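What follows is a short report on a single structure.
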Amino acid sequence: MAGKLMHAVQYDCYGGGAAGLKHAEVPIPTPGKDEVLLKLEATSLNPVDWKIQKGMIRPFLPRRFPCIPATDVAGVVQEVGPGVKNFKPGDAVVAMLNHATGGGLAEYAVAKESLTVPRPPELSAAEGAGLPVAGLTAHMALTRSAEVKLDGSGPRKNILITAASGGVGHYAVQLAKLGNTHVTATCGARNVDFVKSLGADEVLDYKTPEGAALKSPSGQKYDAVVHCATGIPWSVFEPNLSAKGKVIDITPGPSAMWTFAVKKLTLSKKQLVPLLLIPKKENLDYLVNLVKGGKLKTVIDSKHPLSRAEEAWAKSIDGHATGKIIVEP
1 MAGKLMHAVQ YDCYGGGAAG LKHAEVPIPT PGKDEVLLKL EATSLNPVDW
51 KIQKGMIRPF LPRRFPCIPA TDVAGVVQEV GPGVKNFKPG DAVVAMLNHA
101 TGGGLAEYAV AKESLTVPRP PELSAAEGAG LPVAGLTAHM ALTRSAEVKL
151 DGSGPRKNIL ITAASGGVGH YAVQLAKLGN THVTATCGAR NVDFVKSLGA
201 DEVLDYKTPE GAALKSPSGQ KYDAVVHCAT GIPWSVFEPN LSAKGKVIDI
251 TPGPSAMWTF AVKKLTLSKK QLVPLLLIPK KENLDYLVNL VKGGKLKTVI
301 DSKHPLSRAE EAWAKSIDGH ATGKIIVEP
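Counting from 1, one number per residue, gives the positions in the sequence shown under the UniProt record's numbering.
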């Protein structure tokens, strides 16, 4: 497909929000070694996408401009590059693109075979596209940091999940309940019933005094907190943690890193753990199979055509989506 053009949405500099996105006709990329070219059917947005545009992650992920953002995609393989063994044209897949290069807000994108998995017919493109960053973050927080065994075989744990109606949160509630857990969750008043429907045992409206204090209605002390919200100081978490409780912060800022260091240095049994996602193909495949088997669902907040990607971008920045925001070419 070399030489052909595709529609893409990109930005030329840091900042600008939704207004900084521009529609362009750009060359369809060519798959390199161990890469596949995908005709995209769905892309999901994550807060990290607009944070990169804003320059918040500039020291770690400097941008080359123009940049086509977004990493979580589902589509059909069009071409395979040299060395690709497991895919052929026509295969339906879910993939996670590289955060350093992006490429998801377009009609075609190139993905590494090492972060591409088959998409079974039971899984729609939109459901599949929701999984990579949000699903893998929830999975890593629970299985690695909180040490929850998702087959239910481990010791019982009390888990708190903040912002439980969002992208990571709604997966975290469902995954936690596959383990031997009691789940307390926080969300806005309008989403209380929704979060209960995901399996949470107790749900707090974060704007009430009890919700702001993160106190379990049944008096549970939390063995782990999957912290998907922002702006909650350590002093609020600490009295609610069990003796060796930990707060797993999925968006660690400077104050979280400072708390992490202090807790380490003082040998505190209560810890703050910054989470940096390490995506793994086998974990993405595991999540896809959970959805296929009806044990996990992607809740879709809204769908937007690529021609109106700015609306999806603005909705993500607003921060009140229930589940995942999807863009479709």
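Beta carbons: idealized from backbone N, C-alpha and C, even for Gly. If you're wondering where the values come from, they're calculated on a predicted model, not measured in any experiment.
Taking contact to mean at least 3 C-beta pairs separated by less than 8 Å, is the stretch 161 to 176 in contact with the stretch 316 to 328? Yes: at least three Cβ pairs fall under 8 Å.
Helix, strand or coil for Ile325, going by three-state DSSP, please let me know. strand
Since Asn289 is in the alpha helix (DSSP H), which residue starts that stretch and which ends it? Here the alpha helix (DSSP H) through Asn289 covers Lys281 to Lys292.
So with Cβ pairs under 7 Å, would you call Leu175 a contact of chain B? No chain B is present in this structure, which holds just one protein chain.
Where residue 333 falls: helix, strand or coil (DSSP): Because the chain in this structure spans residues 1 to 329, residue 333 falls outside the shown range and cannot be described.
Alpha-carbon spacing of Glu282 relative to Lys221, whole angstroms: 33 Å
Counting Cβ pairs, one atom from each stretch, are 3 or more of them under 8 Å apart for the stretch 174 to 186 and the stretch 254 to 266? With contact defined as three or more Cβ pairs closer than 8 Å, the stretch 174 to 186 and the stretch 254 to 266 are not in contact.
Label Asp193 either buried or exposed according to how many other C-beta atoms from any shown protein chain fall within 10 Å of its C-beta, with 16 as the threshold for buried. exposed
Count the other CB atoms within 10 Å of the CB of Leu142; is the residue buried (16 or more) or exposed (fewer)? buried
Over the uninterrupted alpha helix (DSSP H) stretch that includes Pro47, give me the two end residues. Pro47 to Lys54
Sort Met140, Ile278, Val183 and Thr259 by Cα distance to Pro217 and report the nearest one. Val183
Could you please give me the residues that DSSP links to Asp12 through a beta bridge? Per DSSP, none; premise fails for Asp12.
Per DSSP, Ile161 forms a beta bridge with which residues? Ala185 and Val226
Given a cut-off of 7 Å on the beta-carbon distance, is the pair Ile232 and Leu275 in contact? no
How is Pro155 classed by DSSP in three states: helix, strand or coil? coil
Going residue by residue through the stretch 244 to 278, where are the continuous beta strand (DSSP E) segments of at least 3 residues, counting only ones entirely within it? Entirely contained in the stretch 244 to 278, the beta strand (DSSP E) runs reaching 3 residues are, in chain order, 271 to 274.
For Gly169, the first and last residue of its enclosing alpha helix (DSSP H): Gly167 to Ala176
Beta-carbon contacts of Lys295 that lie in its chain and below 7 Å, excluding the five residues immediately before and after: Leu178
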